[in-house]
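In what follows, a single structure is set out as structure tokens and then discussed.
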Amino acid sequence: CTAKLVLAVCALGSRLSNDPRTLYQESQDLRSGGWKYFSQIRLVGMSFLKPSTIYDLQLHALGVAFLFPTQLSHVCWYIAALGIRIAQEVGAHRKRNLMTLPASQSRMEQETWKRAFWNITSTDLYMSIATGRPRSTREDDFDAELPPICDDEYWEIPSNPQLEFVQPTGKFSKMAYWHYFVNLLRIAGLAKDHLFSTRRAASWLSSSVDGNDKIVLELDSMLNSWMDALPDDLRWDPHRPNDTLFSQSVMLHTNYYWTQIQIHKSFIRPGPLSTGNFPSLAICTNAARSFVHILQVYHLRPNMPRLPHYIVCFLYSIVSYLT
1 CTAKLVLAVC ALGSRLSNDP RTLYQESQDL RSGGWKYFSQ IRLVGMSFLK PSTIYDLQLH
61 ALGVAFLFPT QLSHVCWYIA ALGIRIAQEV GAHRKRNLMT LPASQSRMEQ ETWKRAFWNI
121 TSTDLYMSIA TGRPRSTRED DFDAELPPIC DDEYWEIPSN PQLEFVQPTG KFSKMAYWHY
181 FVNLLRIAGL AKDHLFSTRR AASWLSSSVD GNDKIVLELD SMLNSWMDAL PDDLRWDPHR
241 PNDTLFSQSV MLHTNYYWTQ IQIHKSFIRP GPLSTGNFPS LAICTNAARS FVHILQVYHL
301 RPNMPRLPHY IVCFLYSIVS YLT
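First residue of the sequence shown? That's 1 in the UniProt record's numbering, and the numbers climb one at a time after it.
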């Protein structure tokens, strides 16, 4: 499985490369980048008689990341579901600590499982919202902690083990973005569960306007708290010199406005008024304009990677903007 993992990494890396050697066979189309590697992988050819490993879960996560912005994006729904089952089989979806870890598993291995689990769980949630399909696991099915806000280079410090998994004071962690992104998706997931589920849970059975207003009020409050907690390095600044922080802030803020649309879109009706007690039409229109503005600033900046996974979000913004 490690060989497949290397091929998957090469396939994803090819997406950010202009080297013609990464293209598929004799193709000159840059969109074929990485397929020469990915076509050698059999994601569904794994043996179910052997215990699952971290490489199996990572392979499924990378497979979803590669296929999602392609015409085969519908396949990702199945691959992510299988990856989640792999994580559940080994208990990666449960909360653990150093006292409950198996003797054969190090802290580094455990944190690697966490990263892979949250990656594929978040992708599954994102796809379920975009397609309107049920997700493979819900918030009450797992209690795994998020990975620590600590960069990889501080995971292992042989000279001082007490400083392992501790981000140095004053040095901003690239992993902070992932924490805020996952928590934002979790808010969007709650909106999907409580506003668009086929059958609401007993505590959310009220279908009245007042019941919906309470749900929307709570979700809006969660969004406001999320935005208030956002560190300065991840706040929107169109002139931010650091490309990594700039890209991360684009991801966070566009998905923030996308989440706003998810919460309020069902309360829009033809005409200037909304069906509830919230100005949902105005909120969605403002979110759509802000989304498009940020995306425009991003694409005007030279040498930035393509963001094909914004197609779904962009469509939501266009629809809201024209409403």
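Yeah, the Cβ is synthetic: ideal placement off N, Cα and C, and Gly gets one too.
Given the structure is predicted, the values throughout are model-derived calculations rather than measurements.
What does the Cβ neighbour count give for residue i, buried or exposed, with the cut at 16 atoms within 10 Å?
i: residue 330; result: The requested residue 330 does not occur in the structure, where the chain is confined to residues 1 to 323.
i: Pro147; result: buried
i: Lys228; result: The sequence shown places Asp at residue 228, rather than the Lys named in the question. Burial call: exposed.
i: Ile84; result: buried
i: Tyr78; result: exposed
i: Lys50; result: exposed
i: Arg306; result: exposed
i: Leu281; result: buried
i: Phe181; result: buried
i: Gln162; result: exposed
Near residue i, which residues of its chain fall below 7 Å by C-beta distance, leaving aside the five closest residues on each side in sequence?
i: Val250; result: Ile294 and Tyr298
i: residue 327; result: Nothing in the structure corresponds to residue 327, since the chain is present only between 1 and 323.
i: Leu185; result: Ser122, Leu125 and Tyr126
i: Thr198; result: none
Hey, quick one: how far does the alpha helix (DSSP H) through residue i stretch, first residue to last?
i: Gln246; result: For the record, residue 246 in the displayed sequence is Phe; it is not Gln. Counting along the chain, the alpha helix (DSSP H) containing Phe246 begins and ends at Asp243 to His264.
i: Arg186; result: Met175 to Leu195
i: Trp77; result: Cys76 to Val90
i: Cys10; result: Thr2 to Ser14
i: Cys144; result: In the sequence as displayed, the identity of residue 144 is Ala instead of Cys. First-last for Ala144: undefined, no H or E at that position.
i: Met127; result: Arg107 to Thr131
i: Thr285; result: Ser280 to Leu300
Between which residues of its own chain and residue i is the CB-CB distance below 8 Å, once the five residues before and five after are set aside?
i: Pro279; result: none
i: Lys114; result: Ala92, Ala144, Glu145, Leu146 and Pro147
Once the 5 residues before and after residue i are set aside, which same chain residues still bring their CB inside 6 Å of it?
i: Ser14; result: Thr22, Gly33 and Gly34
i: Ser207; result: In this predicted model, Ser207 has a pLDDT of only 49, less than 50, meaning its place in the structure is not dependable; the value taken from the coordinates is given anyway. Once the five neighbours on either side are set aside, Ser207 has no close Cβ partner at all.
i: Glu111; result: Pro147
i: Leu245; result: Asp233
Let me make sure I understand the geometry here. Which of the options has the alpha-carbon closest to that of residue i?
i: Glu89; options: Tyr154, Asp193, Asn242 and Thr53; result: Thr53
i: Asn224; options: Asp233, Gln162 and Tyr256; result: Tyr256
i: Met175; options: Leu234, Pro161 and Ile120; result: Leu234
i: Glu164; options: Lys171, Tyr154 and Leu300; result: Tyr154
i: residue 325; options: Leu30, Leu219, Gly63 and Pro20; result: In the structure displayed, the chain extends from 1 to 323; residue 325 sits before or after that span and is not available.
i: Gln260; options: Trp118, Asp237, His239 and Asn286; result: Asn286
i: Leu59; options: Phe68, Ile41 and Trp236; result: Ile41
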